[in-house]
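Protein chains in written order, with this note's numbering: chain A, 1 to 344; chain B, 1001 to 1370; chain C, 2001 to 2246.
Glycine is no exception: its CB is placed at the ideal position from the N, C-alpha and C atoms.
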Amino acid sequence: MTERHRAVPFSLLAGVLLALTAAVALFSLAIGRFPVPVERVARILLSALFSTEASWPPQETSVVLLIRLPRVLGSLLAGGGLALAGAALQGVFRNPLVGPQIIGVSSGAGFGGAVAILFFDGLFAVIPLAFVFGLLAMVAVWSLGSGEREESLLSLVLGGVVISAFFTALTSLGQYVADPYNKLPAIVMWLMGSFASSSWERLLFAAPVICCAGTLLHLIRFRINVLSLGQEEAESLGMNVRRNRWLVLACTTLITAATVALAGIVGWVGLVVPHMARMLVGSDHRKLLPVSALLGASYLILMDDIARGLTAAEIPIGILTALAGAPLFAFLLKKRQRKGGAWM
Amino acid sequence: MYRMLGNRLRVVGTGLCALFLVCFLMSPGDGAQTVVTDQAGREVVIEGPVKRIVTIPIPAASMVLAIDGSSERLVGMNPLSKTAIEGEILSEFFPEALRIRSDIVQGEGFQPNVESLMSLAPDIVFQWGNFGDNLYIPLLDAGMKVALFKYGTQEYLEGWIETFGAILGKQEKAATILDWHRKTREQLTRRSEAIPDSEKPRTLYFLRFLANYQVAGKNTHNDVSIVLSGGKNVAAEEIDGFAAVNEEQILLWDPEVILLNGFERDLTPEHVYANERLKGVSAVKNRRVYKLPLGGYRWDPPNQETPLMWMWMSSVLHPGRDRFDLPGEMEKAYTLLYGKTLSRAQYEHILGMERNRGSAHYEALFGRAQ
Amino acid sequence: MITMKKGGFRYSRENWIFRNLSLSVGEGEILSILGPNGKGKTTLLKTIQGVLPLSEGSMLRGGSVGYVPQIAAVSFGYTVLDMVVMGRSRHIGLFSSPGKHDFSACRACLERLGLETLAERPFRTLSGGERQMVLIARALASECRCLVLDEPASALDFRNQNTMLRTLQSLRDEGMTVIMSTHVPHHANVISDRALLLFSPEEHLFGDCEDVLVDENLRRLYGADVRRISFSSGGRGYSAVVPLFS
């Protein structure tokens, strides 16, 4: 295993993955219900850059530049962000079973999003409220799951179940009291997850948040290694554990909140993709974080291609990621048992 | 298409015969007994005069108000029935209707709180019969009389009107309303049969537009209405029932006319025109996006004013053809249904003259300039 | 190098874990801390390290302290080199990752302990003895001048105990200050210059190894009969501390 990691230089692997992600994104611009020839897609993109004369129907331009491009970028950012956040969370919680969903961030952020839809119009309230409630949920799970001196896996997961259930109930309450014609459809769509309403405007809200928090996480990726040793060891290695931990938690919650604003609740990406990345590069977060982000981006772009292109009706992406993620995760869990409890 | 319509009409015919056969009615008077067979095939026997009615299906409240011509006997309704009354024409016709209780059901569901319902002491409760039996069994267990409705087709709707007529003792009025429904329908069927296929505009109805794009495919009342009014429902081939689609799919269908639901309060054609990503759609280019009117009820689902909706839709789909005199027809219909005359402001409010002002032909079609 | 004067520690409002404790170790010296389980050895090590602040008294450190924990569960499959390089975190800025310089420093530390062949192995696949040695390498990578070890040899087999004690001795000979806790008095007897016995929170004995590790004290410490015996084998004199089981 180790030999394999060293056999391919990391920079080469990262380069290949980067190129792959770019290829997937470009390829996805040519996919969709409205037929636009590939060659035309390329010319539309070039014309956007160099503003050349358009010799094709204007619908094709708006399909590629106004509908597909923001949507592909949205799923790229959300997928990359969620996988990065998942990998970082797994490190800090010292537990590869953790994901934004398991530790309650998703349901907290989802509730925040629902509150924002219920009481405010427009997008501006979604990110801050999703952030506040996502963080609240995570702190609650953290304090339930970690005793004073030792963190226990079981109580962490159980804490996540409890807090998730609580926030899910609150969200259901929101659904129950929501105006069925004017608010409820938006909340329901939120909870199932969809990039269908991606637009440049929405992207403008979420992209800076995901990029900043993601960059920050990437910069402190070595700290995540140290944090993953546990509080005592990290402290003895001279690290301010509290500060660094909070930095990671805040960043991951920001990313989750911004994704919620972009596409509602998209589960399983943050849990499953880091495992795939671990198979490629091992557990070292210095490599794991960037590789997770790249894999997550391609993964979600492809999932969204299915969501928007397979049938005339939109398939909610949250359903697709859960359908793909749950069996994949079950497989990894089984594989882990066979290996005697070792994650990689 | 014609064959399909023919089939539908045959179904209507047999459905109606069956209804006539199973509806045994007696004039309600003091001590009299009313017997109705509801749409689940159950026989409902009510002793004495019906004085207190509760309706849980959403369009049912305004139908009771229309057929009874008064709000006195309706004592409870779905909160969503009330939102179709508040600020709309029925609140001007029946201002006391706003005081009728609507807290027996919450949210989008139809599950009533049995005790709240009992406290209203209803002589009869109207409830859905095809959304699971847990919606009405508790009411029966509590000793209430329940009549069940089914949802979706014009045939069912006509059965409702009949049942309401029987229970309210307004059989004649109900028959007149039904007659009007059937005649308008026949008229429109003939009319749309005369329109060559190539001249039927590609039409798309949005059940929801703001949160996501939900459209009506085949097996919906809206699909039937579009066909009846001389249009082609672009979603009918690929969508069954209602489903969410994306903008690309809308561009691909390229509808020539877009119809917007009356449910989303704030939705207007301007939302569609302002959507940068839909500007390539023919209906947007030609500004043929229309918001459905809201009269005695939202015109989207089957209700007592459905013939008016068909007339409106056929005018919108075929502005250049001979059309109904909607203002005149509405005046007649409102006299029949509610015994009221519409003021000009009320008429304009119902048709959404203001909201649809920016759309092609609307003023010419429905403005009362003539 | 390390001096504690009348030190005391307790978690807020709880009972004292230790109190009125004084000790001092110089460069190139080994201090062993002995006491039965649960008498606060690990807590004391943490205050020496500086992770826990003293509740009273004073502490003087002549240089940075590197810590070697008892073998702990590792959640992730890091390689040996990944583990060792984490020892560099003191020298790496908040937003940086270890560079070439850090890695070569770490390889040097592994070489210093003769572990260079393990560098690319997954840490998880190592034996207990190897893991313990790697953790020492990690502490050395932080360029510390004092090593604090929590029960470094207790969980090892005889061969690895020997390697561990030899390693500590050679580090001492290079001028390193070594402080370790142990519940095996024999280990302390073999390598220590100083010894600290923890009888109870308020009662302790600190001094040169030969003066402190005497039968009487050990008997009192463990509540069992313990003898220090001397013998010669192959022309060399040995001394051993053994319990007399009855």
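In this structure THR2042/C is not in contact with ASP2193/C, their Cβ atoms being roughly 22 Å apart against a cut-off of 8 Å. The DSSP-derived three-state label of GLY1041/B is coil. Against chain A, a Cβ distance below 7 Å from ALA1211/B picks out PRO185, ALA186, MET189.
When secondary structure is reduced to three states using DSSP, ARG2019/C falls in the strand class. When LEU2045/C, LEU2135/C, SER2012/C, SER2096/C are compared, the shortest CA-CA separation from MET2083/C is found for LEU2135/C. Given a length threshold of 3 residues, each whole run of the beta strand (DSSP E) inside the segment 2125–2176 of chain C is given here in chain order: 2146–2150. Per DSSP, PHE1126/B is one residue of the beta strand (DSSP E) stretching across 1124–1128.
For the segment 1242–1296 of chain B, the full-length beta strand (DSSP E) segments reaching 3 residues or more read 1242–1245, 1257–1260, 1289–1291 along the chain. Within the segment 1065–1097 of chain B, the beta strand (DSSP E) runs of at least 3 residues that lie entirely inside it are, in chain order, 1074–1077. Beta-bridge analysis with DSSP links PHE2009/C to PHE2018/C.
Below the 8 Å Cβ cutoff, chain A contributes TYR176, VAL177 as neighbours of GLN1106/B, in chain order. By a beta-carbon distance limit of 8 Å, ILE317/A does not contact PHE205/A. Their separation comes to about 18 Å. Per DSSP, the unbroken beta strand (DSSP E) holding ARG2236/C starts and ends at 2236–2243. Looking at the DSSP output, ILE2179/C shares a beta bridge with LEU2031/C, VAL2148/C. DSSP places SER2230/C within a strand segment (E or B) once states are collapsed to three.
In the three-state reduction of the DSSP assignment, ASP1103/B falls in the coil class. SER298/A has its alpha-carbon roughly 51 Å from the corresponding atom of LEU2044/C. Following the DSSP letters along the chain, one finds MET192/A in no beta strand (DSSP E) but inside the alpha helix (DSSP H) bounded by residues 184–192.
By the Cβ neighbour-count rule, MET279/A is exposed, with fewer than 16 other Cβ atoms within 10 Å of its own.
Look at GLU1238/B: its C-beta is under 8 Å from a C-beta on chain A. Judged by DSSP in its simplified three-state form, MET1144/B adopts coil rather than helix or strand. One Cα belongs to LEU65/A, the other to LEU97/A, and the distance between them is close to 38 Å.
When only Cα atoms are considered, GLY2040/C and VAL132/A end up about 41 Å apart. Under the 8 Å criterion on CB atoms, SER194/A is classed as interfacial with respect to chain B. Taking the Cα of PHE1094/B as reference, the smallest distance to any Cα among ILE1067/B, ASN1113/B, GLY1107/B, ALA1194/B is reached at ILE1067/B.
Listed along the chain, the chain A residues whose CB falls inside 8 Å of the CB of PRO2152/C amount to none; the nearest CB is some 14 Å away.
Sequence-distant partners of SER2024/C (beyond 5 residues in either direction) whose C-beta falls short of 6 Å from its own C-beta, in its chain, are THR2003. Of all alpha-carbon atoms in ASP1197/B, LEU1294/B, LEU1140/B, ALA1216/B, the one lying nearest the alpha-carbon of ILE1258/B is that of ALA1216/B. VAL226/A reaches chain C at MET2086, SER2089, counting residues in chain order whose Cβ is nearer than 9 Å. Under the three-state reduction of DSSP output, PRO1196/B falls in the coil class, being neither helix nor strand.
Fewer than three beta-carbon pairs drawn from the segment 225–233 of chain A and the segment 2115–2134 of chain C are found closer than 8 Å, and the two stretches are therefore not classed as touching. GLN90/A is the residue among LEU46/A, SER62/A, GLN90/A, PRO58/A whose C-alpha sits nearest the C-alpha of LEU217/A. The closest CA to that of LEU173/A, considering only ARG202/A, PRO128/A, GLY112/A, is found on GLY112/A. Sorting LYS1170/B, GLU1305/B, MET1313/B, TYR1297/B by C-alpha distance to the C-alpha of TRP1180/B places GLU1305/B at the top. Residue contact with chain B for ILE67/A: present (Cβ-Cβ distance below 8 Å to some residue of chain B).
Under the 8 Å criterion on CB atoms, VAL1316/B is classed as non-interfacial with respect to chain A.
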